[in-house]
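Student: In our numbering, the protein residues as written are -7 to 95. Handing you a structure now.
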């Protein structure tokens, strides 16, 4: 399995399920995923390590890689599963389980 370095994280995107009743055409990329692995953290100018706020198992929202604010994410494939490699700064926030189930 891929082991991120520094402030990089490995995210498995959660693909939207298509409706079998209504045909919906979406051109947006998925921006929700599960954190699989995280690096040790970012090192500041003084050499201090700042651990990441996200942890494996977190469900996160992230930029879709299509705007100038976010770069395109590197894809990583292992055993037929697609993952995205991004930095913690690309994560907009962690989705709480209660909020995720209500949506």
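Backbone N, C-alpha and C fix where the C-beta goes; we use that ideal spot for every residue, glycine too. It should be emphasised that the depicted structure is a prediction, and the values quoted were computed from it without experimental measurement.
Would you call residue 35 buried or exposed, if buried means 16 or more other Cβ atoms sit within 10 Å of its Cβ?
Tutor: As a working note, residue 35 is residue 43 in the chain shown. Residue 35 is exposed by the Cβ-count criterion.
Student: In three-state terms, what does DSSP make of residue 67?
Tutor: Reading the chain shown from its first residue, position 75 is the one you call residue 67. It is a strand residue.
Student: May I have the straight-line CA-CA distance separating residue 68 from residue 74, to the nearest angstrom?
Tutor: Locating residue 68 in the chain shown gives position 76, counting from the first residue. Locating residue 74 in the chain shown gives position 82, counting from the first residue. Their backbone Cα atoms lie some 6 Å apart in a straight line.
Student: Is residue 46 near residue 25, with beta carbons less than 8 Å apart?
Tutor: To locate residue 46, count along the chain shown from 1; it is residue 54. To locate residue 25, count along the chain shown from 1; it is residue 33. No, Cβ-Cβ distance for residue 46 and residue 25 is not below 8 Å.
Student: Consider the C-beta atom of residue 26 and the heavy atoms of the ligand SAM; say whether any pair is separated by less than 7 Å.
Tutor: Ligands are entirely absent from the displayed structure, and the ligand SAM is therefore not among its contents.
Student: Quick test of your reading: residue 27 and residue 49, contact by CB under 8 Å. State the CB separation rounded to the nearest angstrom.
Tutor: Counting from 1 along the chain shown, the entry for residue 27 is found at position 35. Counting from 1 along the chain shown, the entry for residue 49 is found at position 57. The pair is a contact, with the Cβ atoms about 7 Å apart (cut-off 8 Å).
Student: Output the distance between the C-alpha atoms of residue 2 and residue -6, rounded to the nearest integer angstrom.
Tutor: Position 10 of the chain shown holds residue 2. Position 2 of the chain shown holds residue -6. Taking the straight line joining both Cα atoms gives about 8 Å.
Student: Identify which residue in -3, -4, -2 and 23 has its Cα closest to the Cα of residue 83.
Tutor: Position 91 of the chain shown, counted from the start, is the residue given in the question as residue 83. Ranking the options by Cα distance to residue 83, first place goes to 23.
Student: Across which residues does DSSP place residue 96 in a beta bridge pair?
Tutor: Outside the shown range of the chain, which is -7 to 95, sits residue 96, and nothing can be said about it.
Student: Start and end of the beta strand (DSSP E) containing residue 85?
Tutor: Locating residue 85 in the chain shown gives position 93, where the first residue counts as 1. 83 to 87 is the span of the beta strand (DSSP E), which, as asked, contains residue 85.
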